[in-house]
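Asker:
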Amino acid sequence: MSTAEQNLIEFRGVSWRPNGGSAAAIIDDVSLEVPRGETLVLLGRSGSGKTTLLKLINGMHWPSKGEVLVEGRATPEWDAIRLRRGIGYVIQEAGLFPHFTVAENVGLVPGLENWPREKIAARVKEMLQLVGLAPEEFSQRRPRELSGGQRQRVGVARALAGDPPILLMDEPFGALDPVTRAELQREFQALARRLGKTIVFVTHDLREALLLASRIILLEKGRVVASAEPEEFLRVRHPEVLAFAASLDVQGGAA
Amino acid sequence: MTGLWLFMVEHQSEILSATVEHVELVLIAMAAAISIGVPLGMVIVQRAKLRALALGIAGIFQTIPSLALFGFLIPIPFIGGIGKRTAIVALTLYALLPILRNTYVGLTEIDPAVLESAEAMGMTQGQILFRVRFPLGLAVILAGVRTATIITIGVATIAAAIGAGGLGTFIFRGVALVNDSLLLAGAIPAALLAILADFLLGRLERRLRVS
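Protein chains in written order, with my numbering: chain A, 1 to 255; chain B, 256 to 466.
(1) Looking at the strands, I want to know which residues DSSP matches up with F454/B.
(2) List the whole-angstrom C-beta distance separating D334/B from G418/B, where the pair is believed to meet the contact cut-off of C-beta under 8 Å.
(3) In terms of alpha-carbon separation, which member of T52/A, P76/A, R151/A lies closest to F97/A?
(4) State the Cα-Cα distance for the pair K197/A and L8/A, rounded to the nearest angstrom.
(5) I'd like to know whether the C-beta of M378/B is nearer than 8 Å to at least one C-beta of chain A.
(6) Roughly how far, in whole angstroms, is the beta-carbon of A159/A from the beta-carbon of G88/A, given that I think they are within contact range, below 8 Å?
(7) Given that a residue counts as buried once 16 or more other Cβ atoms are within 10 Å of its Cβ, and exposed if not, what is P172/A?
(8) Taking 8 Å as the cut-off, decide whether the C-beta atoms of S31/A and R12/A are in contact.
(9) Beta-carbon within less than 6 Å of I343/B's beta-carbon, same chain only, minus the 5 sequence neighbours each way: which residues are those?
(10) In the structure shown, what three-state DSSP assignment does I217/A receive?
(11) For L43/A, which residues does DSSP report across the bridge?
(12) Consult DSSP for N434/B and reduce its assignment to one of helix, strand or coil.
(13) Where does the unbroken alpha helix (DSSP H) through R223/A begin, and where does it stop?
(14) Applying the criterion that 16 or more other CB atoms from any shown protein chain within 10 Å of the CB defines a buried residue, is A273/B buried or exposed?
(15) So what does DSSP say about D249/A, is it helix, strand or coil?
(16) Name the two residues that bound the continuous beta strand (DSSP E) containing M169/A.
(17) I'd like to know if I9/A contacts chain B, where contact means its C-beta is closer than 8 Å to some C-beta of that chain.
(18) Kindly identify the DSSP beta-bridge partner or partners of Y89/A.
(19) Using three-state DSSP, classify S31/A as helix, strand or coil.
(20) Can you tell me which residues form a DSSP beta bridge with E265/B?
(21) Distance check for L451/B and A134/A, CA to CA, integer angstroms please.
(22) Cutting at 7 Å between CB atoms, please list the residues of its own chain near V360/B, excluding the five before and the five after it.
(23) With I9/A as the anchor, note down where its beta strand (DSSP E) starts and where it stops.
(24) If I'm right that N346/B touches V410/B with Cβ under 8 Å, what's the distance once you round it to whole angstroms?
(25) Taking Cβ to Cβ, would you say L384/B is nearer than 8 Å to L310/B?
(26) Taking C-alpha atoms, which residue in A398/B, F262/B, T407/B lies nearest to Q317/B?
(27) Can you find the residues in the same chain that come closer than 7 Å, C-beta to C-beta, to G457/B, ignoring five residues on each side of it along the sequence?
(28) Count the other C-beta atoms from every protein chain shown that fall within 10 angstroms of the C-beta of H61/A, then say buried if there are 16 or more, exposed otherwise.
(29) Can you look up F74/A in the DSSP assignment and give me helix, strand or coil?
(30) Whole alpha helix (DSSP H) runs in the stretch 78 to 145 of chain A with 4 or more residues, listed along the chain?
(31) Using DSSP's beta-bridge definition, name the partner residues of E67/A.
(32) One question on the structure: do R325/A and L40/A come within less than 8 Å of each other, judged by their Cβ atoms?
(33) Rounding to the nearest angstrom, what Cα-Cα distance links G258/B and L439/B in this structure?
(34) Just to check my reading of the structure: I91/A and L56/A have Cβ atoms closer than 8 Å, yes? What is that Cβ distance to the nearest angstrom?
(35) Given this structure, state the Cα-to-Cα distance separating P63/A from L83/A, to the nearest angstrom.
(36) Taking just the CA atoms, how far does N58/A sit from P320/B?
This is how it looks when you write it as structure tokens:
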């Protein structure tokens with residue numbers, strides 16, 4: 001099966017309804033493929049189902065209809081814990097553990113996987129350097145002693161520590177000030193290219209999508225309404241694309 | 256005032272032994288209440304039905320007037336009768352609600368982003384409970400222990416009514432003989448114990464609070 005090798009993640013006619021399938025569909029008949037090494041950006045307004053789509057990948061939700069395949073295997077067939085340890089996860093405000101030091105946060109998944117101590121310490125150091133934080137300065141700090149941007153860097157380091165092939169990111173830079181956000185976006189873009197991870201990235205910011213994506217998927221009310229490479233995206237004739245493009249004009253004009 | 260002072264100096268060894276007895280009652284009851292309340296609070300995080308039942312029952316004990324609760328327990332076989340054992344059972348039941356409720360609240364009122372990332376990183380429910388919920392909820396749990404301790408120190412004075420001893424002995428005798436010195440010889444040490452416990456546990460609680 002070549003599709004499983006090429007497509008690390010695949011949605012086949014997936015719908016998802018909350019409350020065990022009785023409520024209205026949040027995700028409505030979505031099919032998509034994420035080839036290895038792609039940075040797929042899920043773009044959409046609040047409530048369009050972007051985050052839900054992400055949670056269908058790491059088994060935080062299971063489809064009400066259809067299948068989500070990760071490495072060729074449907075999510076309910078996976079052991080949820082195994083599945084999630086192989087998928088890095090970064091959210092807005094990072095969700096760092098406030099009672100852990102930076103080093104403990106970053107070393108969490110390797111620790112859960114029972115790596116030997118020295119190997120964890122080396123990995124933590126490596127990851128902090130990777131995200132631009134000096135290990136000797138930051139290792140022993142607590143999340144509350146960090147700026148928003150630093151916290152987000154730690155969040156990325158933590159997600160990468162277990163060396164997962166897949167990275168899910170839910171508006172990771174959404175709560176940052178514009179300058180820090182631009183800084184992290186640029187660094188992340190370079191990092192993503194270097195690491196060759198398969199990334200699914202959720203945002204409502206078209207500019208961010210255009211910058212980071214190898215492909216953009218636009219969601220509206222739980223459906224895929226456009227799928228295109230960044231260069232092509234603005235040429236797609238769909239009212240929702242136009243609406244997003246208009247938001248770019250406003251922002252561009254103001255800047 | 257000097258009369259009270261003289262009385263307390265004269266009876267210092269009795270007051271001291273009553274205080275020790277009082278502290279004993281409180282410590283045993285608190286140990287029992289913590290070892291029931293905290294694990295039970297952990298269990299009911301995931302089980303809604305059991306949660307309603309446990310909090311409901313603990314709430315009922317709390318509404319029974321303390322003197323009546325002591326009275327109710329006397330005729331019950333094994334745990335009842337006159338003396339320390341019955342008093343400890345009653346004090347434990349009394350202390351249970353604040354501990355149970357604070358344990359539940361402490362373990363559940365945690366930043367949802369933290370719980371979400373814990374789950375998404377592949378922590379098991381047990382790991383989330385012991386490594387995330389428990390350390391983050393510890394200060395709130397301890398606040399419950401503090402409330403329960405102060406209540407127990409107060410309620411334990413009533414234990415003297417069923418022959419369990421403690422500082423209540425002086426208070427009941429003082430009331431019966433209309434003797435203020437006798438009454439205060441029980442009430443003042445009890446109040447001081449409560450203040451001391453509040454102070455020490457409050458300090459511990461602030462140290463454990465994670466911002």
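Even glycine gets a Cβ: it sits at the ideal position worked out from N, Cα and C.
Answerer: Based on what the coordinates show:
(1) Per DSSP, none; premise fails for F454/B.
(2) Correcting the residue identity first, residue 334/B is Ile in this sequence and not Asp. About 15 Å; that fails the 8 Å criterion.
(3) For F97/A, the nearest C-alpha among the options comes from R151/A.
(4) 10 Å
(5) yes
(6) 3 Å
(7) buried
(8) With contacts defined by Cβ atoms closer than 8 Å, S31/A and R12/A form a contacting pair.
(9) I283, A284
(10) Taken through DSSP and simplified to helix, strand or coil, I217/A comes out as strand.
(11) In DSSP, L43/A forms a bridge with T203/A, L218/A.
(12) coil
(13) Element bounds for R223/A: not the alpha helix (DSSP H) but the beta strand (DSSP E), 223 to 228.
(14) Label assigned to A273/B: buried.
(15) Here D249/A sits in helix by DSSP.
(16) 166 to 170
(17) Judged by the 8 Å Cβ criterion, I9/A is not in contact with chain B.
(18) L168/A
(19) strand
(20) Note: E265/B sits in no beta bridge, so no partner.
(21) Answer to the nearest angstrom: the Cα atoms are 45 Å apart.
(22) V395
(23) 7 to 16
(24) Rather than Asn, the amino acid found at residue 346/B in this sequence is Leu. Contact holds; Cβ gap of about 6 Å.
(25) For L384/B and L310/B, no; Cβs fall outside 8 Å.
(26) Answer by Cα proximity: T407/B.
(27) R401
(28) buried
(29) First, the residue type needs correcting, since residue 74/A is Ala and not Phe in the sequence shown. Three-state result, A74/A: strand.
(30) 80 to 85, 102 to 106, 108 to 112, 117 to 130, 135 to 138
(31) R12/A
(32) The structure shown does not extend to residue 325/A, since chain A is modelled only from 1 through 255, so no value can be given for it.
(33) 11 Å
(34) Wrong, their Cβ atoms sit about 16 Å apart, outside the cutoff.
(35) The straight-line gap from Cα to Cα measures roughly 15 Å.
(36) 52 Å
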